[in-house]
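Undergrad:
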Amino acid sequence: MSPFKQIIVVEGRDDTKRLTEAFGKIDTIETRGSAIDDKTLDVIKKAQETRGVIVLTDPDFPGEKIRKTISAHVPGVQHAFLPRGEAAPDGPGSLGVEHASPAALKAALEAVATPSEDAPQLFDQSDLQAAGLIGGAGSRAKRERLGELLHIGYTNGKQLVHRLQAFGITRAQLTDALAQLDKEASHD
1 MSPFKQIIVV EGRDDTKRLT EAFGKIDTIE TRGSAIDDKT LDVIKKAQET RGVIVLTDPD
61 FPGEKIRKTI SAHVPGVQHA FLPRGEAAPD GPGSLGVEHA SPAALKAALE AVATPSEDAP
121 QLFDQSDLQA AGLIGGAGSR AKRERLGELL HIGYTNGKQL VHRLQAFGIT RAQLTDALAQ
181 LDKEASHD
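Numbering (full-length UniProt numbering), first residue to last: 1 to 188.
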């Protein structure tokens, strides 16, 4: 029996293998790359209707493309995000779920979130600029760490406002995460 009620959507066979190593028997749907065909989307829709779906893709451009495609065709899916550092290979190679430790996978899957397009717009670009998340030295690193703290994944500056809104991040949550960033920076 799978430790998760939901079915986990991953990119490929190696991701399924890694999840099985970490959790035992687990039910997955493999997209086999970022060009998801209609048949795979239909399987994901059926899984969402019956058990629910958690999308766990690589923290890179193709992984983000898969998330967007699935979210556009299958409303209400949940998302789990791996920090980029947790998905890095030991040697040469690209980022991937297959490289994550069991602890990193567990943390990502415990922090699932469901985006909502109806969430109120609480932030704009000026808020992000004032917080040093766009347009300054170190902005990219701050956004990456912010995505880890809020469990919303890495985004570029243009996407961050949308991601904060879609995942219902409140001003208090953002303020707390920014305080944590400042605390971490002061210890470096």
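Note that CB positions come from ideal geometry on N, CA and C, so glycine has one too.
Closer than 6 Å by C-beta to K65: which residues in its own chain qualify, once you throw out the five before and the five after it? Chain order, please.
TA: Counting only Cβ-Cβ distances below 6 Å, and skipping sequence neighbours, we find S34.
Undergrad: Buried or exposed: R171, going by 16 or more other Cβ atoms within 10 Å of its Cβ?
TA: Classification for R171: exposed.
Undergrad: Going by DSSP, which residues form a beta bridge with V53?
TA: Note: V53 sits in a beta bridge opposite I7.
Undergrad: Please check the pair V77 and Q48, which I expect to be a contact at CB under 8 Å, by giving their CB distance rounded to whole angstroms.
TA: Contact holds; Cβ gap of about 6 Å.
Undergrad: Name, in chain order, the residues that DSSP records as bridge partners for Q78.
TA: Paired residues: I54.
Undergrad: At what residues does the beta strand (DSSP E) containing I29 begin and finish?
TA: 28-30 is the span of the beta strand (DSSP E), which, as asked, contains I29.
Undergrad: Between which two residues does the alpha helix (DSSP H) holding E64 run?
TA: That run of the alpha helix (DSSP H) goes 61-73.
Undergrad: When you compare each of D58, T175, E21, E117 to E86 by their alpha carbons, which one comes out closest?
TA: Residue D58 is the option with its Cα nearest to E86.
Undergrad: Assign H187 to buried or exposed, taking buried as 16 or more other Cβ atoms, counted over all protein chains shown, within 10 Å of its Cβ.
TA: It counts as exposed.
Undergrad: From T20 to I26, what does the alpha carbon distance come to, in whole angstroms?
TA: Those two C-alpha atoms are separated by around 6 Å.
Undergrad: Could you check the C-alpha separation between R84 and A130 for me, to the nearest Å?
TA: Roughly 25 Å separates the two Cα atoms.
Undergrad: How long is the line joining the alpha carbons of L181 and K142, rounded to whole angstroms?
TA: Computed Cα separation, rounded: 7 Å.
Undergrad: Taking the CB atoms as reference points, tell me whether I7 and V53 lie closer together than 8 Å.
TA: Yes. Within cutoff.
Undergrad: Going by Cα to Cα distance, which pick from K106, D42, L95, I169 is closest to L150?
TA: Cα-wise, what sits closest to L150 is I169.
Undergrad: Assuming A166 contacts A119 (C-beta within less than 8 Å), just tell me the rounded distance between them.
TA: The Cβ separation is near 6 Å, so the contact holds.
Undergrad: What ranges does the alpha helix (DSSP H) occupy inside the segment 143-174, keeping only unbroken runs of at least 4 residues that lie completely in it?
TA: With a minimum length of 4 residues, the continuous alpha helix (DSSP H) runs that stay inside the segment 143-174 are 157-166.
Undergrad: Along the chain, where does the alpha helix (DSSP H) that runs through E21 open and close?
TA: First-last of the alpha helix (DSSP H) with E21: 13-23.
Undergrad: Per the DSSP calculation, A137 is bridged to which residue(s)?
TA: In the DSSP output, where bridge partners are listed per residue, A137 has none listed.
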